[in-house]
Structure formats: C-alpha cells, structure tokens
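First up is the structure itself, then whatever we jot down about it.
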Ligand code: NAP
Ligand code: ZN
C-alpha cells in the first residue's frame with residue numbers, strides 16, 4: 001500500500017478538498033500510473049451531489065484519466081513503464097459472464113467496479129482520477145495513440161465512448177438525419193462522431209450562443225429547443241436522436257421529431273425518472289433506449305478512430321487549484337466543452 005493524494009468531497013454538495021488515501025499495492029496483472037490529466041464529467045458532479053442516491057463520502061471523483069505507467073506487475077503484457085494510458089469508468093468485472101466475455105465489461109452481470117465511488121472485489125472503496133496516481137488491472141487500461149494529444153484525449157475516456165458506442169450501434173448511413181440534444185461534454189463529441197459517419201446532424205440546444213460552435217464542429221444546423229416553430233419544422237424527419245441532457249426535461253417533443261421506427265437514445269442521467277407516453281411511441285413504432293459508456297475493446301477502437309479521423313474534444317484546461325471553480329461553472333452550464341484538470345500544472349500548491 002502507498003499513500004495517494006487526491007481531492008475529495010467529504011459530504012454531499014461539498015467542494016472538493018485535499019485528501020490522502022491508500023491505493024491497493026501492485027498485483028501481478030496490475031499497472032501503476034502517475035496521472036497527467038483528468039476530465040471533469042457531469043457524472044462527477046451528479047456523484048458529488050448524490051443525485052442518484054447511492055454515493056457515500058469521502059468521494060474522490062474522476063473517470064477520464066490519462067496517466068503515465070510507472071510500474072508493471074510480473075504478469076503484465078500490454079504495457080511498459082513510460083506508456084501513456086487511459087482509464088475510463090470501469091476498473092474491474094468478473095470477466096466470465098456473457099457480457100464480459102463479449103467485451104461488454106460495463107454490463108457485467110455481477111456488477112462492474114466503477115473507477116470511483118464504488119466497492120472493488122475486496123470491498124475497498126475506489127477513488128478516482130482527481131488524484132496523483134492509479135493502480136489498475138492492465139485489462140482495464142487502454143493505450144493512448146501517439147497521434148492524440150494526452151490532455152485532449154482525456155474526455156474520450158467517458159464522454160467519447162459514451163457517445164461513440166450508441167452511435168456506432170445505430171449503423172448510421174450517409175444522409176441519415178441525426179439529432180443531438182444538449183451540446184456539452186458528451187453532446188459536442190456526438191456531433192463529431194455522427195459527422196464522421198456521414199450523417200446529417202442537427203443540434204438541439206438551450207443555449208443559442210452555442211450555434212456557431214455547433215456548425216464549427218460539423219453540425220448542419222441548430223435548433224434552439226424552446227423555439228416551437230423551429231422544432232415543428234423538423235417533425236417526423238429524424239432516424240435517430242441522442243439526448244445527452246444532464247437536467248430533468250420532457251423528452252416528448254423529441255418523440256414527435258422521429259420517423260417511423262426512429263430511435264430516441266437517452267444517455268443523459270438526470271436524477272428524476274422519465275415520463276413517456278406509450279401512445280406517442282405507438283404512433284410511429286418508436287424505440288426509446290439508452291447506453292452505458294462502452295466496453296474496453298470498444299474504447300480502444302474509439303481512441304484509434306479518433307486518432308485516424310482527427311476527432312479532438314474541445315477542452316478548457318484547469319489546474320488543481322481551480323477544480324472547485326470548474327465544478328461550479330459546470331453546474332451553471334458554463335463550459336466549452338470539457339474541463340480537463342492538468343494534474344501537474346500547479347503542483348507547487350499541493351500539500
Ligand atoms: P454537460 O457537459 O453539463 O452537458 C449537458 C448539456 O445539457 C449542457 O451543455 C446543456 O446543453 C444541456 N442542459 C443543461 N441543463 C439543461 C436543462 N435544464 N434543460 C435542457 N438542457 C440542459 O454534461 P455531460 O458531461 O455532457 O453529461 C451529460 C449527461 O450524461 C449527465 O447527466 C451525465 O451524468 C450523463 N452521462 C451518462 C453516461 C452514460 O454512460 N450513459 C456517461 C457519462 C455521462 P445546451 O447548452 O446545448 O442546451
Ligand atoms: Zn463520465
């Protein structure tokens with residue numbers, strides 16, 4: 001066991017503050033890695049605020065981790081000291097159930113171990129990437145392609161895979177009309193993937209000032225979702241709509257925009273349950289679905305795809321001393337489009 005330094009919320013809704021804790025010692029198949037960058041996802045904020053009701057404190061958030069390998073166990077085959085790796089939302093699973101054996105570790109039937117805020121298989125609390133290091137079984141780390149800048153790669157470990165995975169399964173064809181609802185960390189990457197697959201992309205936003213950015217990211221057009229006339233002009237025309245909104249909202253208007261057999265995929269995770277009319281679904285035989293991040297092999301595929309296609313998250317870099325300010329701005333929907341903590345930027349301030 002070695003001491004790690006992180007930033008923890010000590011209670012619900014609290015600011016994060018310096019916190020010392022122990023990581024497990026290096027196992028035979030583990031790598032230890034020094035954290036370079038960590039993205040700030042809205043799920044970190046939901047967890048700090050206990051929006052989902054199952055978190056406990058102290059809580060060290062962070063699951064968009066870029067780190068440099070500092071030690072490898074004797075059984076490690078994939079990585080060497082010095083490699084730059086990514087660690088996303090899951091750090092262990094049973095590896096034998098049906099989802100695990102198909103590379104869908106996040107859907108492990110016995111429950112995947114989350115990178116932070118959950119119990120690992122020994123019952124020890126996991127602490128996330130708002131910290132200086134991580135120890136993980138090599139299976140659950142991915143290689144960052146050299147073509148990707150490490151700071152910009154961080155958001156791909158959650159926002160990237162969470163949007164890539166459902167859009168890839170949607171089998172988008174050139175010309176398919178795809179809507180992206182909410183253009184934050186997840187939404188802005190969804191625009192970039194959907195464009196890479198040749199879709200016609202429309203962004204639905206509550207923030208009119210984001211329209212120019214949406215077009216710059218490749219969207220064909222934007223709709224301010226409070227404008228009922230603009231919304232109505234797209235009635236019955238979408239193959240697929242990906243809803244990434246973090247706050248409670250009514251999905252019904254988006255059902256009215258789908259074609260026969262269209263899909264609404266709700267990947268945002270507001271605290272409150274949804275209310276959906278089955279009459280609306282029956283009217284055009286619609287599918288409402290969701291998706292949880294993605295598997296490890298799929299995460300590697302997504303990173304390689306991003307490197308090959310030049311897909312790069314838009315980030316605002318912050319130092320450790322600015323984490324609370326960044327969380328506060330994320331709460332107020334004031335981020336363009338993902339905060340990434342540079343763990344080395346103001347190291348001097350670390351206790
Ligand atoms: P984010 O950066 O805060 O983006 C959320 C976007 O939602 C905002 O940029 C905003 O877009 C829109 N929005 C915010 N408040 C709204 C409101 N009251 N009404 C309508 N729209 C609103 O958050 P994120 O990191 O992308 O995460 C988005 C959601 O996905 C969170 O709930 C997060 O927990 C969830 N998530 C799920 C998974 C999964 O596995 N399914 C993985 C990661 C995250 P506009 O300004 O464009 O309107
Ligand atoms: Zn996340």
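Numbering (UniProt numbering), first residue to last: 1 to 351. In this text, a Cβ means the ideal position worked out from N, Cα and C, and glycines have one as well.
Secondary structure note for residue 79: it is in no beta strand (DSSP E), with a DSSP letter that is neither H nor E. In the structure shown, the three-state DSSP call for residue 173 is coil. Residue 41 has its Cβ nearer than 6 Å to a heavy atom of the ligand ZN. DSSP places residue 265 in the strand class (E or B) of the three-state scheme. Taken atom to atom, the span from the alpha-carbon of residue 184 to that of residue 43 is near 12 Å. With fewer than 16 neighbouring CB atoms inside 10 Å of its own CB, residue 52 falls in the exposed class.
Cβ contact annotation for residue 166 (same chain, cutoff 7 Å, sequence separation greater than five): 242, 265, 267 and 291, in chain order.
By the Cβ test, the stretch 140-147 is not in contact with the stretch 215-228, since fewer than three Cβ pairs between them sit closer than 8 Å.
Taking the CA atoms as reference points, residue 120 sits about 39 Å from residue 255. Cβ-Cβ distances below 8 Å link residue 101 to 95 in the same chain, with the five nearest sequence neighbours on each side left out; the list follows chain order. Apart from the 5 residues on each side of it in sequence, residue 295 sits with its Cβ closer than 7 Å to the Cβ of 103, 104, 105 and 106 in its chain, given in chain order. DSSP lists 265 as the beta-bridge partner residues of residue 289.
Burial check for residue 285: the Cβ neighbour count within 10 Å stays below 16, so the residue is exposed. Cβ-Cβ distances below 8 Å link residue 230 to 223 and 224 in the same chain, with the five nearest sequence neighbours on each side left out; the list follows chain order. Going by DSSP, residue 230 is part of the alpha helix (DSSP H) stretching over 228-232.
With respect to residue 6, residue 116 sits apart: the two C-beta atoms are not nearer than 7 Å. Secondary structure of residue 134 (DSSP, three-state): strand. Counting the other Cβ atoms within 10 Å of the Cβ of residue 54 gives fewer than 16, which makes it exposed. DSSP, read as helix, strand or coil, puts residue 270 in coil. In this model, residue 235 and residue 91 are separated by some 42 Å (Cα to Cα). Just measuring C-alpha positions, the residue of 333, 8 and 320 sitting nearest residue 208 is 333. Pairing residue 124 with residue 310, the inter-Cα distance amounts to about 39 Å.
Following the DSSP letters along the chain, one finds residue 154 in no beta strand (DSSP E), marked with neither H nor E. Its chain contains no residue whose beta carbon lies nearer than 8 Å to that of residue 273 once the 5 sequence neighbours on both sides are disregarded.
When DSSP assignments are scanned along the stretch 289-350, the uninterrupted stretches of beta strand (DSSP E) that are 3 or more residues long and fall wholly within it turn out to be 315-318 and 338-342.
A distance of 7 Å or more separates the beta carbons of residue 60 and residue 160. Bounds of any alpha helix (DSSP H) do not take in residue 55, whose DSSP letter is neither H nor E.
Taking C-beta separations shorter than 7 Å and ignoring five residues to either side along the sequence, the partners of residue 221 in its chain run 202, following chain order. Closest in alpha carbon position to residue 58, among 70, 36, 20 and 71, is 20. The three-state secondary structure of residue 140, taken from DSSP, is helix.
The continuous stretches of alpha helix (DSSP H) do not include residue 18, which lies in the beta strand (DSSP E) extending over residues 16-23. Between residue 33 and residue 72, the C-beta spacing is not below 7 Å.
Fully enclosed alpha helix (DSSP H) runs of no fewer than 4 residues occupy 185-196 of the stretch 160-213, in order along the chain.
Where residue 100 is concerned, there is no enclosing beta strand (DSSP E), although the alpha helix (DSSP H) around it starts and stops at 98-101. Inter-residue distance for residue 239 and residue 263 is about 7 Å (C-alpha atoms, whole angstroms). Look at residue 231: its beta carbon is at least 6 Å from all of the heavy atoms in the ligand NAP.
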